[in-house]
Amino acid sequence: MKRILITGGAGFIGSHVVRLFVNKYPDYHIINLDKLTYAGNLENLKDVENKSNYTFVKADICDFNTILSLFKKYEIDGVLHLAAESHVDRSIKDPFTFAQTNVMGTLSLLQVAKECWQGNFENKLFYHISTDEVYGALQFDGTLFTEQTKYDPHSPYSASKASSDHFVRAFHDTYGLPVVITNCSNNYGPYQFPEKLIPLFLNNIRQKKPLPVYGKGENVRDWLYVEDHARAIDLIFHRGKIGDTYNIGGFNEWKNIDLIKVIIKVTDKLLGNSEGTSEALITFVTDRAGHDLRYAIDSNKLKNELGWQPSLQFEEGIEKTVRWYLDNQAWIDNVTSGEYERYYEQMYRNR
Ligand code: NAD
Ligand code: TYD
């Protein structure tokens, strides 16, 4: 029996990882620890909440004593650490919260794991989920981030994630803590909070609101369907090499403005609008400060060593995603009501 602590399991990617592990491994006990910030939502896990191998605990990863007692109570032997503040625009407004959760929170988890596992690291694993944004920005020259690319973070978000990655590695090198780190590209799919590009835009199309494109829309991101990320995490958790880093990506680069046109096309089609109707909503706004030009991941190590590759074609993934949001309007209305609505309006008033 494995007792696995998944942090941030009520968030976007975390909820897909929790669902996969709870359903695929009935012999494991999955403990989902989440603070339930604006980004955490237990509705994301309605379909697994009554399973006998699943427990939810509301707690803050920064709260060392609580985490320590939970580790002891549940005799945790594996950690999948996803809890984080995850949105670049928020990090520009409020870097302290990012340092607190992403750096100090990760450090407190590492320290608990070290104390509880000390002297017996066998069959233990601390798996830290990170981002390709730690590598900085690429030019339009066809190069890709590899596991050897030097860290060069630019936003407070990526700086906080880079710092947490360094702490994870330091605990491996200094204390021998068994760790693995993965750096993944931009995810998309169901349950993503509609502050991120894809759900924000398709929700705005539905509501006929402006689509705020930063700068000229020329920045490039590599996009991966969230369930493919969850599958990679499962594979690496079970078969990854201790102490190693793996890049995870879709080999699927899109210039923002081209991606936006695809979202418009698919959403208009599914809403029954004639083609191109919502292009009129495109609004070019002031660029994001320090906006990284291009991210692109080389995930060949993961492919060659563990046989993983993305399973969904992008067109299929986008259509599935848009359909899900249109079929789950109550979910999106719930998560965007109240505090978030006020935050969003203020943010765009200031642009
Ligand atoms: P998210 O913002 O949707 O979810 C984060 C979750 O963490 C939420 O449930 C929130 O309640 C929880 N949380 C935040 N602070 C906490 C705290 N102090 N204690 C306990 N729980 C807390 O994020 P996401 O997009 O699902 O990202 C998950 C992880 O994957 C993050 O570590 C992120 O850096 C990484 N990542 C994300 C992407 C992406 O495209 N979204 C890509 C690569 C890596
Ligand atoms: P986002 O989804 O915030 O992810 P990240 O910044 O982590 O890559 O943004 C994806 C891209 O879309 C990024 O280049 C910024 C751009 N963007 C916009 O043009 N308008 C928006 O309203 C948002 C949220 C993002």
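At position 295 of the sequence shown (counting the first as 1) the number is 376 in this note's numbering, and the numbers step up by one without a gap.
Heads up, the beta-carbon is just placed ideally off N, CA and C, and yes, glycines get one too.
If you follow the alpha helix (DSSP H) that residue i is in, where does it begin and where does it stop?
i: L383; result: 381-387
i: H97; result: 93-105
i: K350; result: 337-352
i: N333; result: Where N333 is concerned, there is no enclosing alpha helix (DSSP H), given that its DSSP letter is neither H nor E.
i: I173; result: 169-174
i: Y256; result: 237-256
i: Q192; result: 187-198
Specify, as a first and last residue, the run of the beta strand (DSSP E) that residue i falls within.
i: K290; result: Per DSSP, K290 belongs to no beta strand (DSSP E) and is neither H nor E.
i: D303; result: 301-306
i: H209; result: 206-212
i: I366; result: According to the sequence provided, residue 366 is Val. The question's Ile does not apply to it. Per DSSP, V366 belongs to the beta strand (DSSP E) from 363-366.
i: R84; result: 84-88
i: I413; result: Segment 410-416 is the alpha helix (DSSP H) holding I413; no beta strand (DSSP E) there.
i: T263; result: 260-265
Tell me whether residue i sits in a helix, a strand or coil according to DSSP, three-state version.
i: T230; result: coil
i: C143; result: coil
i: S392; result: coil
i: H162; result: strand
i: I111; result: strand
i: F282; result: helix
i: Y327; result: strand
i: F137; result: strand
i: Y272; result: coil
i: R369; result: coil
i: I399; result: helix
i: L117; result: coil
i: L219; result: strand
i: I157; result: coil
If the criterion is Cβ atoms closer than 8 Å, does the pair residue i and residue j meet it?
i: V42; j: S189; result: This structure leaves residue 42 out entirely; the chain is present only between 82 and 432.
i: Y106; j: D213; result: no
i: V193; j: L149; result: yes
i: I323; j: P259; result: yes
i: F282; j: I344; result: yes
i: T417; j: N328; result: no
i: V403; j: L351; result: yes
i: S392; j: D325; result: no
For residue i and residue j, which I take to be in contact (beta-carbon distance under 8 Å), what is that distance rounded to the nearest angstrom?
i: L71; j: V184; result: Only positions 82 to 432 of the chain appear in this structure, which leaves residue 71 out of reach.
i: D61; j: G331; result: An answer regarding residue 61 cannot be provided, because it is not within the stretch 82 to 432 covered by the chain.
i: Y406; j: N284; result: 7 Å
i: V301; j: S236; result: Between S236 and V301 the Cβ distance is about 16 Å, and since that is not below 8 Å, they are no contact.
i: E206; j: V249; result: Before going on, a small fix: residue 206 reads as Leu here, not Glu. That pair is no contact at about 12 Å.
Exposed or buried, which one is residue i when buried takes at least 16 other CB atoms within 10 Å?
i: N268; result: buried
i: L374; result: exposed
i: H319; result: exposed
i: V471; result: Only positions 82 to 432 of the chain appear in the structure, and residue 471 is not among them; the question remains open.
i: N354; result: exposed
i: V99; result: buried
i: T255; result: exposed
i: T88; result: buried
i: Q199; result: exposed
i: Q273; result: buried
i: F365; result: exposed
i: S172; result: buried
i: G217; result: buried
i: F177; result: exposed
i: T348; result: buried
i: A361; result: exposed
Please determine whether the Cβ atom of residue i lies at a distance below 7 Å from any heavy atom of ligand 3.
i: R369; result: Absence of ligand 3 is noted for the structure shown, with ligand 1 and ligand 2 being the only ligands found.
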